[in-house]
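Below: the structure, in structure tokens.
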Amino acid sequence: MMVSANEIHHTIRKASLAIGLDHDRATDIGAAVVWLARHGQDGCAIAEAMLAATDTAPPLVMTKAKDQLKLSSPRPAIEGIAAIDWLIANPDDGCVVMSDVSDGVLLLGLLGVAAGQYNSVFQISVDGKNHKARVTMTGCTNWTILSDSRNQTMSLTCFPASGEDAISNPDHYDDLIVAKDVWEKLAALAYKTYVPSSEQSRLSGAGAGLNDND
Amino acid sequence: MSNAITPPHMELGKADTNTPNGTQANACGRPLPDLRHPDVVMTLARLGSFFPHRLSFMRSFIRRIAKENASLTMPVCALDADGYGHLVLTLPVSGYDYSLIAYSRPLNADERTDRVIATKWDASFCLFDGIPTEEDITALADQVTKQEAGRYHHKVLTLSRANKSLRLFHHVVESLASGVQPDLQQIKAIGYLMRTTAVYGNGKFGIADRDRIAGRPGLEGPFQAEMLTVFLIREFTLFLADYCARQISGEAAIGLAPSYRRYLGIGNSTGLGMAPFLVNHPALLHSWIMAREVAFARTQSVPCINDDQYHRFETLLDRAYHSCHDWQVEDQIQMDRIIILREELAKLKADISARPLNQEYPFKDVVSRCASYSLETQELMVSLLIELIPDQVDGLVDCMANPHTPKLIPSMTIAELRHILDDHYRWVDAVDRSAETSDAHFWYTSEEKLEPRLGRRYEEPGQELEMPFNIPRYVGALKSAITDLPDHQIVAELLMGRPDLRHIVRRVQTTAIYPYAEIRDNLVGDACRPIDLLRCKLSFFGASKFDPKSDRWTRITLYQGAPTAADLMAETEPDLAASRLAELDDWIFVLSPSEA
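As structure tokens, this is what we get:
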């Protein structure tokens, strides 16, 4: 089915809230999924799988040594966002090393949004395979680089964007297609953020009557 | 009205905002004047006293189409003898055609409610990008008449619906069918033929996302597609009344008098849905308020005025005075405020008659004379004074869109964060968070058609699903969390262990860049009147005749006194073009027409 970017953003945001993520996380994940969808990735399916599997336990301890931050089994929605924040705060010389990353493509989405917001470029290197990718606001040079992220150790660096990397692509507004079953699952999750209606809330919650024949 | 400052990081959305320390203290290329402090402006009481002004989105929309000599056409009219069916109205704006597809349907009285929970309406609309084909119109009919329950595509830019004012619509139709103009008193008392109950944009239900059209000439400003929609809905209602009268009496029917057509706006019922928008779009709110404050500040630095300007000031003051006497509402709190406003305007008029304005900085003198008056009067004077320097104000419209979403500044130190809290969140200290009254309310979305509602936290279920509007509590938690942290620690490191604080840290940092971004009042406290938020937003739309029906919903009138499409299309001699545009733009503090 065809959906708008705004629908994706808010449905993912609410679905993220429904599983217990904080408001800022939910907002960032919504933006990441829109970014993925606008770059031809099935962001909603990725998000649906992530939301079904993510636990919202407190963040794992992240070890920091000099300019390096190390994370094992990070969840992009929780430690991943924190790591990106840290990297943005330590451009040029900061490096994040992650192993056993769940939902690698979602991480790419979060990096893509951050690249746009901070006018930055992220460089991903996967150990042992000589795989590299760059994530800019306009896309990723290798979308499959984190497809096996559970079994990989990757390092992530960040530097300021320049030249073509610093130019956004405002015409990238194709219709966005989502599988109906995926959308229904996401919508069902989002629905959990709504408060059941009662006669009292119906009458007093909006401060308005029920008939306007005047 | 004093306490002016020049905040360090104020810009209007034109300058680069990526680096908070790199923002330019300018307003569309000009140095910033002294502005009223956000602590003064951003209170619910003051925001809830705003009036429409020349930067309001309806005003700027009308200015644009007047300049462009936009010409309305009706490529399709398929209404039956009762006025049911559909029609299409097309208006070109800045080189693009936009069409309102209107579907008119019978409606049982017991189904007519202005609330979001309605499922049927007298009329349903969509704004179509271009001119629709018969296939488009047919395909959209089943969807648009169901509104939120339909599915749409990107050729649909907005979605809306409206109900008839039963008091006025039938009276107007019957009068015109009888060959007489409707009763002026009824026209004045109601002011519209139909009330819209929502106008959806930005991707809702599959319609076009805002960013798809945001760069298009004519629709760059905030809510311009929505303002266009409502303008065309008003034209539809005026046409429908004439049409229905002709169906009854044929050639014996007369058309609604031009002065009445211009006076009639479009009604609107607005509830809590408007309020979360302001909280959820802090950067945009800042840009709106900032533009208005810059405009106001520029009035204060006008060193002297000529006789024409003085006369214009007196004319507008007189109009405001009379307009307030036409403003009658049932809500006792608002009516009391209106009565005080009338008294204060009368006093001001008398004062100025007895003692003309200072020759030096006359508009400063106006503000000084109003310093002890009510917020209603003070804010009305802001709207009035802005009107007097159009050349210095109108360009600010281009600064009112703000594409920037709030973002975290993870490299900020704890010392800097403390500094922002001290500068911008002192108001939180006045909230006694130990008292139940401090968080008596919670904002939520009801599962019933997703209607935004306000609940009593200690009496009703659902607070665990509340919208994140308890700013005093979040700020309190942040202050506690950073109390013992070293000054040099960066925010990113704090948030590794406290992800729950990231939302409020981002918000606080945003306020440092955009000082008018935060409403500096407790939105969940017992004393919060959501209606204040509604009035603020509606003033930026340009709505008049604010008519609260409770503390959380209101009726208003849109485009009352604005030129109709026929006014815009009237031919003018080229050398009169400038005065024609000024006349078409002159509809603030609208006065009721004389008997037609």
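Those protein sequences? They're chains Z and H, same order as listed. Take the first sequence: its position 57, counting from 1, is numbered 51 in the numbering used here, and each next residue is one higher. Position in the second sequence counted from 1, then plus 411, gives you the numbering used here. For each residue, glycine too, the CB sits at the ideal point set by N, CA and C.
Three-way DSSP call (helix, strand, coil) for residue i in this model
i                      : result
residue 55 of chain Z  : coil
residue 596 of chain H : helix
residue 674 of chain H : helix
residue 558 of chain H : helix
residue 861 of chain H : coil
residue 458 of chain H : helix
residue 993 of chain H : helix
residue 111 of chain Z : helix
residue 724 of chain H : helix
residue 171 of chain Z : strand
residue 106 of chain Z : helix
residue 803 of chain H : helix
residue 698 of chain H : helix
residue 584 of chain H : helix
Residue-chain proximity (residue i, chain A), Cβ-Cβ < 7 Å
i                     : result
residue 47 of chain Z : Included in the structure are the protein chains Z and H, with no chain A among them.
Assigned exposure category for residue i - 16 Cβ within 10 Å defines buried
i                      : result
residue 126 of chain Z : exposed
residue 194 of chain Z : exposed
residue 715 of chain H : exposed
residue 124 of chain Z : exposed
residue 414 of chain H : Residue confidence for residue 414 of chain H is low, a pLDDT of 40 falling below 50, so the modelled location carries little weight and cannot support an answer.
residue 601 of chain H : buried
residue 586 of chain H : buried
residue 17 of chain Z  : buried
residue 506 of chain H : exposed
residue 118 of chain Z : buried
residue 488 of chain H : exposed
residue 138 of chain Z : exposed
residue 750 of chain H : exposed
residue 156 of chain Z : exposed
residue 698 of chain H : buried
Reference residue i, options the options, closest by Cα
i                      : options                        : result
residue 55 of chain Z  : Z:-5, Z:73 and Z:95            : Z:73
residue 813 of chain H : H:480, H:451, H:932 and H:696  : H:696
residue 509 of chain H : H:1004, H:471, H:569 and H:894 : H:569
residue 14 of chain Z  : H:877, H:938 and H:963         : H:877
residue 504 of chain H : H:979, H:1001 and H:456        : H:979
residue 498 of chain H : H:545, H:466, H:507 and H:521  : H:545
residue 61 of chain Z  : Z:39, Z:103, Z:199 and Z:89    : Z:89
residue 525 of chain H : H:903, H:575, H:549 and H:476  : H:575
Under 7 Å between C-beta atoms of residue i and residue j
i                       : j                      : result
residue 1071 of chain H : residue 462 of chain H : Here chain H has residues from 412 to 1007 only, and residue 1071 of chain H is not among them.
residue 447 of chain H  : residue 870 of chain H : no
residue 9 of chain Z    : residue 184 of chain Z : yes
residue 559 of chain H  : residue 190 of chain Z : no
residue 81 of chain Z   : residue 152 of chain Z : yes
residue 977 of chain H  : residue 998 of chain H : no
residue 6 of chain Z    : residue 24 of chain Z  : yes
residue 92 of chain Z   : residue 68 of chain Z  : yes
residue 490 of chain H  : residue 496 of chain H : yes
residue 969 of chain H  : residue 993 of chain H : no
residue 555 of chain H  : residue 571 of chain H : no
residue 592 of chain H  : residue 668 of chain H : yes
residue 606 of chain H  : residue 573 of chain H : yes
residue 1008 of chain H : residue 604 of chain H : Residue 1008 of chain H lies beyond the stretch modelled for chain H, which goes from 412 to 1007, so this question has no answer here.
residue 816 of chain H  : residue 899 of chain H : no
residue 983 of chain H  : residue 673 of chain H : no
Any non-hydrogen atom of the ligand HEM closer than 6 Å to residue i Cβ
i                      : result
residue 939 of chain H : Among the ligands in the structure shown, none appear at all, so the ligand HEM cannot be discussed.
Limits of the unbroken alpha helix (DSSP H) element including residue i
i                      : result
residue 62 of chain Z  : Counting along the chain, residue 62 of chain Z falls outside any alpha helix (DSSP H), though it belongs to the beta strand (DSSP E) covering 62 to 66.
residue 185 of chain Z : 174 to 185
residue 624 of chain H : 621 to 624
residue 91 of chain Z  : No alpha helix (DSSP H) holds residue 91 of chain Z; the beta strand (DSSP E) holding it covers 89 to 93.
residue 478 of chain H : 468 to 478
residue 160 of chain Z : Premise fails: residue 160 of chain Z is in no alpha helix (DSSP H) and is neither H nor E.
residue 38 of chain Z  : 37 to 47
residue 794 of chain H : 786 to 798
residue 688 of chain H : 685 to 691
residue 5 of chain Z   : -1 to 12
Boundaries (first-last residue) of the beta strand (DSSP E) holding residue i
i                      : result
residue 125 of chain Z : 125 to 130
residue 146 of chain Z : It is not in any beta strand (DSSP E) - residue 146 of chain Z carries neither H nor E in the DSSP assignment.
residue 654 of chain H : From DSSP, residue 654 of chain H is part of no beta strand (DSSP E) but of the alpha helix (DSSP H) over 635 to 660.
residue 22 of chain Z  : Not the beta strand (DSSP E): residue 22 of chain Z falls in the alpha helix (DSSP H), residues 17 to 32.
residue 482 of chain H : That residue, residue 482 of chain H, is in no beta strand (DSSP E); it is neither H nor E in DSSP.
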